[in-house]
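Data first, discussion second: the structure below is written as structure tokens.
2 protein chains.
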Amino acid sequence: MSRSERAETRAAHHAGGVSLTIIIESNNNMGNRERILACALDLFYSKGYDAVGIQEICQAAGITKPTLYHYFGSKYGLLEMILKNGFDELFQTLEDRGGGDVEAALYDFLSALTDYAGANYKAYLFLMSLYYSPRENETYRAVQPYIARIHGRAVQIFERASGKLGNMNGRQEQFAMGFLGLINHYLLMLGDRQPPGGGICVPEETKRSLLHQFLHGIYS
Amino acid sequence: MSRSERAETRAAHHAGGVSLTIIIESNNNMGNRERILACALDLFYSKGYDAVGIQEICQAAGITKPTLYHYFGSKYGLLEMILKNGFDELFQTLEDRGGGDVEAALYDFLSALTDYAGANYKAYLFLMSLYYSPRENETYRAVQPYIARIHGRAVQIFERASGKLGNMNGRQEQFAMGFLGLINHYLLMLGDRQPPGGGICVPEETKRSLLHQFLHGIYS
DNA sequence: CAGACAGTATACCGTTCGGTATACTGTCTT
DNA sequence: AAGACAGTATACCGAACGGTATACTGTCTG
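Going line by line, the protein sequences match chains A and B. So the numbering used here is basically just the index in the first sequence, starting at one, shifted up by 29. So the numbering used here is basically just the index in the second sequence, starting at one, shifted up by 29.
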């Protein structure tokens, strides 16, 4: 019996036997490493990093602690890897777009975020909720560089648009905050109103509507 | 020696002696109950609810665990009391205003939030960061009713304005989210750029500017 | 003065925390 | 065949967790 076969059998037996364990995002085709990442994200997303114990993650993934520590070294290392995976994919979508004028760039930006959220809503909501975690919590330390990069990119869009929008005089910061605030707040609250099982979906029409609200205010 | 004299002496000695303990928001004129609340808020604000232990709060407040449990019954009870205190004060400011047309109502709303944040920025930032905490975390359960009330009030403003803004058809929800997102995101990020010791301050001019951005978009 | 009572401290509870020492297994390389 | 090596499990660590049993203190009320 191969190692991977063993692992799968064990996971299946575990999922069927202990019964309190719920393996949601994972399936038996995953290796242990991927299953740990998926289960950890799922638990962090729904209960928060601090409120989830290593033990709990191991139980959900059907492995034991040394296995987790073999791959990630520490709980913080596991968090870092989840963040890296999530943001790498988000940035990939983000960097590929952004040509054209302000409105087009803002649409691409908004679209990248909502598209990513649609495909990986647990990852997105977890990553973005860390945006607002306390400054002395290690989760903030981990997410801060990524956040700064997103924020910087938003500021950039407004800076490049000073021709169309006039001298910015620091307003690009406020615009960037407002824009990100609008998107994040909308997506985070959207998660509330959706059935917990499915992904969230932001239709084209809503994207346009959000952008319009940001560009022209509430007087349509 | 009276009980309160004893308490003050002990607190002073503790603050001076153990030296790692930092009593920030409290002073010796407070009773134990108030000192516990102040120290707990301070710690929750900077490290997060889950990451702070009862022991740590007691040490900061210069008391022992049974004292804390005498007043609040549990860690969750302590959180509830902090939330109640904070939001009661915020709602008081919020309910007193709100007459006039949309723009005036929105200004009052924004002003109430920023004024409260200016006077109690740790409380405000803590309360609002819970806005984005995971849904299955007990902190979200505790803050949810308060959040719903704020959100409902924002929606109300837009609903009352359907005369001026035309048929809302559900857009009032999106407007409310955008408005709250703008304010919260701005204030939360503002905390980043301020010296950690002092309070944050939102001058009249900035309030107007934020409102203008929301009402009319970015094309000034 | 006697009892009730809020407030507080000492000392302790069982549980869970993040993390690890050790040893075994299978696979891959030489 | 021999050794290296990644991966995994059993069993354990000290520390911290949230919470409490008990007893003492001072104050207030009859």
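Glycine included, every Cβ here is placed at the ideal spot set by N, Cα and C. These numbers were taken from a predicted model, which means no experiment stands behind them.
Check: Contact list for the region 85-96 of chain A against chain B, Cβ threshold 7 Å; Outcome: none
Check: Extent of the continuous alpha helix (DSSP H) to which residue 122 of chain B belongs; Outcome: 104-124
Check: Entirely enclosed beta strand (DSSP E) segments - the region 165-245 of chain B, minimum 3 residues; Outcome: none
Check: Assigned exposure category for residue 99 of chain A - 16 Cβ within 10 Å defines buried; Outcome: exposed
Check: Three-state class that DSSP yields for residue 150 of chain A in the structure shown; Outcome: helix
Check: Stretch pair the region 175-195 of chain A + the region 175-194 of chain B: three plus CB contacts closer than 8 Å; Outcome: no
Check: Counted within 10 angstroms of its Cβ, other Cβ atoms place residue 128 of chain A as buried (16 or more) or exposed; Outcome: exposed
Check: Candidates A:70, A:61, A:120 and A:243: closest to residue 210 of chain A by CA position; Outcome: A:243
Check: Rounded straight-line distance, which links the Cα of residue 116 of chain B to that of residue 230 of chain B; Outcome: 19 Å
Check: Beta carbon proximity, residue 76 of chain A to chain B, threshold 8 Å; Outcome: yes
Check: Secondary structure of residue 160 of chain A, DSSP reduced to three states; Outcome: coil
Check: Closer than 7 Å at the beta carbon, the chain A residues around residue 80 of chain B; Outcome: 79 and 166
Check: Limits of the unbroken alpha helix (DSSP H) element including residue 75 of chain A; Outcome: 61-76
Check: Cβ pair residue 240 of chain B, residue 108 of chain B closer than 8 Å; Outcome: no
Check: Contact with chain B by residue 197 of chain A, beta-carbon distance below 8 Å; Outcome: no
Check: Cutoff 8 Å: residue 215 of chain A Cβ touching any chain B Cβ; Outcome: yes
Check: Cα-Cα separation, residue 234 of chain B to residue 92 of chain A; Outcome: 57 Å
Check: Below-8 Å beta-carbon distance, residue 185 of chain B vs any chain A residue; Outcome: no
Check: Within 8 Å, strictly: CB atoms of residue 163 of chain B and residue 147 of chain A; Outcome: no
Check: Test: residue 108 of chain B CB closer than 8 Å to a CB of chain A; Outcome: no
Check: Nearest-angstrom Cβ-Cβ length linking residue 247 of chain B and residue 142 of chain A, presumed shorter than 8 Å; Outcome: With 8 Å as the limit, residue 247 of chain B and residue 142 of chain A do not qualify as a contact, their Cβ atoms being about 18 Å apart.
Check: Cutoff 7 Å; reference residue 215 of chain A; Cβ partners in own chain excluding five residues on either side; Outcome: 239
Check: Own chain, CB closer than 7 Å to residue 86 of chain A, minus 5 neighbours either side, in chain order; Outcome: 65, 68, 69, 72 and 97
Check: Any non-hydrogen atom of the ligand SAH closer than 7 Å to residue 247 of chain A Cβ; Outcome: In the structure shown, the ligand SAH is absent, as is every other ligand, since no ligand is present at all.
Check: Sequence-distant residues of the same chain with beta carbon closer than 6 Å to residue 150 of chain B, five excluded per side; Outcome: 228 and 229
Check: Cβ of residue 120 of chain A within 8 Å of any chain B Cβ; Outcome: no
Check: Neighbour-count burial assignment, residue 103 of chain A, 16 or more Cβ in a 10 Å radius; Outcome: exposed
Check: Given residue 245 of chain B as reference, the closest of A:236, A:232, A:121 and A:207 once Cα atoms are compared; Outcome: A:207
Check: Residue range of the alpha helix (DSSP H) that includes residue 83 of chain A; Outcome: 83-90
Check: Cβ neighbour criterion (16 or more within 10 Å) applied to residue 158 of chain B; Outcome: buried
Check: is_contact[residue 162 of chain B, chain A] using C-beta, thresh 8 Å; Outcome: yes
Check: Min CB distance residue 246 of chain B to chain A below 8 Å; Outcome: yes
Check: For residue 249 of chain B, the three-state DSSP class (helix, strand or coil); Outcome: coil
Check: Of the listed residues A:113, A:95 and A:110, nearest to residue 84 of chain A (C-alpha basis); Outcome: A:95
Check: Coarse secondary structure for residue 93 of chain A, derived from DSSP in three states; Outcome: coil
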